[in-house]
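Notes to accompany the following structure.
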Amino acid sequence: MKRRLCLVLFLLMLVTCVTASGEAADWNYDANYAILRGYNGAGGDVVVPAEIGGFTVDVIGISVFKGDTITSLTLPETVLELRSNAVASCEKLASITLPQSLVVINRMNFFSCSALTEITIPDNVTSIGHQAFKIIDGSEPQLRKVTFGKTMPKLGNQIFLNQKNLVAIDMTRCTNMETVDSEQNFDGRSDYQTVPTLYVASENAMTSYKTVNGNRLIYAVTNGGTFPDNTKFEAGKLATPVKDGYRFDDWYKKSNFSDGAVTTAEAGQTYYAKWEVKAEKTAPAAPELND
133 MKRRLCLVLF LLMLVTCVTA SGEAADWNYD ANYAILRGYN GAGGDVVVPA
183 EIGGFTVDVI GISVFKGDTI TSLTLPETVL ELRSNAVASC EKLASITLPQ
233 SLVVINRMNF FSCSALTEIT IPDNVTSIGH QAFKIIDGSE PQLRKVTFGK
283 TMPKLGNQIF LNQKNLVAID MTRCTNMETV DSEQNFDGRS DYQTVPTLYV
333 ASENAMTSYK TVNGNRLIYA VTNGGTFPDN TKFEAGKLAT PVKDGYRFDD
383 WYKKSNFSDG AVTTAEAGQT YYAKWEVKAE KTAPAAPELN D
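The number in my numbering is simply the position in the sequence shown, starting from 1, with 132 added.
Right, dumping it as structure tokens:
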């Protein structure tokens, strides 16, 4: 009986050791600085663990994820920073999930990740470095939509360079747009195949971007409206926002809505969302009771 028990315990220890070493083999982790410095896995759908060897993964180091084997990447809610080129040249990366814990995206992250179709910047990101999301000439990028969270990060130069199929840049949830640096830019070139629409919640937030980008963007002021996650954005058309307590009327070219509603959007122009207060539903009066 004792021999059997010892054998079972030995086998359990062996399985545990093999599993642990197998997982560890995928990662080059520096516990002294809580930095993930390398990935050696097979690719596919990659999920980075929150802890390795009992230590949290706080930083993704330089050039950790690269190559054409990774199709999706999920980072844990412990990661605070992506070092330069932490995720880059992943030609088949179609989906990325960034954690709300993330604060800094350094330069040239997601460089040459041409298969990404959309990206959501978490609420706590305060900085995005130069040429992040840049695509090299000759590639056919798939990125259509970029959504920013509540905090408007400081943006480096020429982010989204060569993202010529970009349709929508949604900044309607940003609460500190008025502090944006006027030198920030989105592309730096004018060879978009489509003209992206930049959506913001207020006109004050639009000024610096229009000054820098000019005719390279369409500008849309939602006047407090935002977009549900399943909103469909189309090139040359203005999407329909939502706003609690209001009904969306239409898009207008003048901020006082004195002109007619527009049906198409043109590069370099600004459009304004008009809202109507929803009528409150009143309960029908109770019938009078006869004595």
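Heads up, the beta-carbon is just placed ideally off N, CA and C, and yes, glycines get one too. For clarity, every value in this text was computed on a predicted model and none was experimentally measured.
No residue range can be given for Thr-307, since it is assigned to no alpha helix (DSSP H) and is classified by DSSP as neither H nor E.
Per DSSP, Lys-385 lies in no beta strand (DSSP E) and is assigned neither H nor E. By the neighbour-count definition (other C-beta atoms within 10 Å, threshold 16), Gly-357 is a buried residue. Residues of the same chain with a CB within less than 8 Å of the CB of Thr-201, apart from the 5 flanking positions on each side, are Ala-174, Gly-175, Gly-176, Lys-224 in chain order. The three-state secondary structure of Ser-204, taken from DSSP, is strand. Of Ala-337, Pro-208, Tyr-403, Val-344, the smallest CA-CA separation from Tyr-351 is found for Tyr-403.
By the criterion of a C-beta distance shorter than 6 Å, Val-179 is surrounded in its chain by Thr-206, once the five residues flanking it on both sides are discounted.
By the CB criterion at 8 Å, Gln-325 and Lys-369 fall outside the cutoff. When the beta-carbon positions are compared, Gly-185 and Tyr-161 come within less than 8 Å of each other. Tyr-331 has its alpha-carbon roughly 12 Å from the corresponding atom of Lys-342. Note on geometry: alpha-carbon atoms of Asp-158 and Met-284 lie some 34 Å from one another.
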